[in-house]
Each structure stands twice: as C-alpha cells, then as structure tokens.
Amino acid sequence: MQCKNHPGVEAIDRCAACAEAFCPNCLVEIQGQKYCGSCKVLAVKGQPIAVQATMPCKEAGSALNYAILGLICFGIILGPVAISKALGAKKMMNFNPRLTGSGKANAAIVIGIVDILLFIVGVLAKVSGNI
Ligand SMILES: [Zn+2]
Ligand SMILES: [Zn+2]
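This note's numbering applies: residue 1159 is where the sequence shown begins, and numbers increase by one.
#1: Have a look at Cys1215, Gly1270, Asn1183 and Ala1263 and flag the residue whose alpha-carbon is nearest the alpha-carbon of Leu1236.
#2: So does Lys1198 have its beta carbon nearer than 8 Å to some heavy atom of ligand 2?
#3: Report the residue ranges of all alpha helix (DSSP H) runs contained in full by the stretch 1205-1241; include only those spanning at least 4 residues, in chain order.
#4: Three-state secondary structure (DSSP) at Ile1188?
#5: I'd like to know if the stretch 1247-1254 and the stretch 1216-1228 are in contact, where contact means that at least 3 CB-CB pairs between them fall below 8 Å.
#6: Can you check whether the CB of Ala1177 is closer than 9 Å to the CB of Ala1169?
#7: Could you check the C-alpha separation between Val1285 and Tyr1224 for me, to the nearest Å?
#8: How close, in whole Å, do the beta carbons of Leu1222 and Ala1283 come, if the pair is a contact with beta carbons under 8 Å?
#9: Compare the C-alpha of Ala1244 against each of Pro1182, Ile1226, Cys1161 and Leu1276 and name the closest.
#10: For a quick check, are the C-beta atoms of Cys1197 and Asn1163 less than 9 Å apart?
#11: If you measure between the beta carbons of Leu1229 and Leu1276, is that distance less than 9 Å?
#12: If we count the other Cβ atoms within 10 Å of its Cβ and call it buried at 16 or more, is Ala1175 buried or exposed?
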C-alpha cells in the first residue's frame, strides 16, 4: 500500500473521507478520524464528510406555521410564539450548520411582527369606532 501523494512511500492508513491510502505526513487526525490534506479542509469546516447531509430545522417550520395562523386569529398570542420559536430555531442553526431553514425562520419573525401589528391595528380600530 503506497501513499497516494507520495509514490514509493509506505502508507500507514486510509483517509476517513475518501478512503485513499496515505503516509503519516499526509494524514491529519481530527476528532479521532484520519483525513488526507484535501479532505481535512472539509472536515475542519464542519462535521465529518460522511454525515454532512443537511436537514431542515423543524423549529423554523413550526414557527412559520404559527406566524401564518396568527394572521388569521390570535395574532397577539401566536405572533410572539412564532417570533420566539423562530429565534430559537436561528440559535439551533448557528449551533448546528447542517440545519437549514433560516429563510423560514426570518419569514416567521417578519410575519410574527405583522401578526402583532394587525392585532394592535384591529384593537385601535375597535376603540376608535366606539368613540
Ligand atoms: Zn481524503
Ligand atoms: Zn504522503
């Protein structure tokens, strides 16, 4: 088994990502896994390559649902719920770059604010109508 980068040099192990054989000079150990030069860049950036699939953040989706529901009714309750859920989702996404849905979270915040504003406008309209 020879190093892929250095023909003639005996390889000691395989890269955890691309499974090519490399010599000790080429392999870098990250979180207990050995990576070659080109794979280590990716491994350092985020998770090991094998589990780099993204997944949608559920919190962002439910935040958006609450926000949209708040447009129809109970905006004063659902608006803040949507905003706090969206902020929670954004935190989770910062913590875990594999989560997607920041667009949904942002939309939930904007619609959540609209929920509250619509409620206030509705109350004001009622109040001024009564005078
Ligand atoms: Zn590799
Ligand atoms: Zn080598």
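Just so it is clear, CB atoms sit at the ideal spot from N, CA and C, and this is done for glycine as well.
Let me spell this out:
#1: Residue 1236 sits at position 78 when you count from the first residue of the sequence shown. It is Gly1270 whose Cα lies nearest to the Cα of Leu1236.
#2: As a first step, residue 1198 must be located in the sequence shown, where it is residue number 40. Incorrect: Lys1198 has no Cβ contact closer than 8 Å to ligand 2.
#3: 1216-1230
#4: By one-based count along the sequence shown, residue 1188 stands at place 30. Strand, per DSSP.
#5: yes
#6: Looking up residue 1169 in the sequence shown gives position 11. Looking up residue 1177 in the sequence shown gives position 19. No; because the gap between Cβ atoms is not below 9 Å, this pair is not in contact.
#7: The residue labelled residue 1285 in the question sits at position 127 within the sequence shown. The residue labelled residue 1224 in the question sits at position 66 within the sequence shown. For Val1285 and Tyr1224, the distance between alpha carbons rounds to 27 Å.
#8: For the purposes of this step, residue 1222 is identified with residue 64 of the sequence shown, where counting begins at 1. For the purposes of this step, residue 1283 is identified with residue 125 of the sequence shown, where counting begins at 1. Contact flag wrong, Cβ pair sits at about 27 Å.
#9: Your numbering for residue 1244 matches position 86 in the sequence shown. Among Pro1182, Ile1226, Cys1161 and Leu1276, the Cα nearest to that of Ala1244 belongs to Ile1226.
#10: If you number the sequence shown from 1, residue 1197 lands on position 39. If you number the sequence shown from 1, residue 1163 lands on position 5. For Cys1197 and Asn1163, no; Cβs fall outside 9 Å.
#11: Walking along the sequence shown from the start, residue 1229 turns up at place 71. Walking along the sequence shown from the start, residue 1276 turns up at place 118. Yes.
#12: Indexing the sequence shown from 1 puts residue 1175 at position 17. Under this definition Ala1175 is a buried residue.
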